[in-house]
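For reference, the structure discussed in these notes is given below.
Residue numbers (UniProt numbering): 1 to 240.
Below, the structure is given as structure tokens:
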């Protein structure tokens, strides 16, 4: 997490299960969350970034996390209770939040690693625009492909087939009405390492469920993933 620009304070706020962090960037760098704001964490997972956001909004603010995984929502709710966080988590689909999140109700939207798996990126970004207050902003960390299409004839993992091309992100956001759109690819390399001291302190039985290689990826070992994919942060705001 430190390599992604998380501060020591943010790292400590993440809590003892930080080894299960599955983010692809640091949305807090661009989100600039303020005291008293309402934050939506899309694809909140175990609640790590939501927990960090809680420390930023303070007791006057609110953090809402949504995820499609019942298990991860339960974990995040447990974390919120144990740490007495001003946060609420629910099972919801980022492409259709109409039953969960009112229009014009959110100051800041963050997401870290979930957007790349949205089947319909346009629907997902359109929902972000709907729920944002006028003047609200997004900071979406996601993985993309460098080009429009992956090389044919290769057995690419399903997740990579779902990535959007980096060059399509800004036009898509502007089409939906976002302004001041920036695609930050300044920390786009695909390799990320978990600090050894964190691995030593963590429970290996639990850790192995998340951080484990698979034979189905072996044929990609000789590929330069930095030339194929990029980690980016989509930054934009809804006009007043």
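Glycine included, every Cβ here is placed at the ideal spot set by N, Cα and C.
Return the CA-CA distance between residue i and residue j, expressed in angstroms with no decimal places.
i, j, result
"residue 44", "residue 37", "17 Å"
"residue 288", "residue 174", "Given that the chain is displayed from residue 1 to residue 240, the structure contains no residue 288 and the question cannot be resolved."
"residue 232", "residue 165", "11 Å"
"residue 185", "residue 90", "30 Å"
"residue 239", "residue 135", "5 Å"
"residue 182", "residue 109", "15 Å"
"residue 139", "residue 70", "24 Å"
"residue 63", "residue 180", "24 Å"
"residue 128", "residue 122", "10 Å"
"residue 120", "residue 95", "7 Å"
"residue 170", "residue 155", "28 Å"
Look up residue i in the DSSP assignment and say whether it is helix, strand or coil.
i, result
"residue 241", "There is no way to answer for residue 241, as the model of the chain reaches only from 1 to 240."
"residue 178", "coil"
"residue 114", "coil"
"residue 24", "coil"
"residue 172", "helix"
"residue 97", "coil"
"residue 92", "coil"
"residue 228", "helix"
Which word fits residue i, buried or exposed, when buried means at least 16 other C-beta atoms lie within 10 angstroms of its C-beta?
i, result
"residue 9", "exposed"
"residue 74", "exposed"
"residue 153", "exposed"
"residue 158", "exposed"
"residue 6", "buried"
"residue 50", "buried"
"residue 149", "exposed"
"residue 27", "buried"
"residue 111", "buried"
"residue 224", "exposed"
Assuming residue i and residue j form a contact by the criterion Cβ under 8 Å, report the distance between their Cβ atoms to the nearest whole angstrom.
i, j, result
"residue 229", "residue 144", "7 Å"
"residue 31", "residue 66", "Wrong, their Cβ atoms sit about 16 Å apart, outside the cutoff."
"residue 15", "residue 81", "Not a contact, Cβ separation roughly 13 Å."
Starting from residue i, trace the beta strand (DSSP E) in both directions and tell me its first and last residue.
i, result
"residue 51", "Counting along the chain, residue 51 falls outside any beta strand (DSSP E), though it belongs to the alpha helix (DSSP H) covering 48-57."
"residue 62", "62-67"
"residue 41", "38-42"
Just curious, the alpha helix (DSSP H) that residue i is in, first and last residue?
i, result
"residue 71", "70-83"
"residue 101", "Unbroken run through residue 101: none, as it is neither H nor E."
"residue 126", "121-131"
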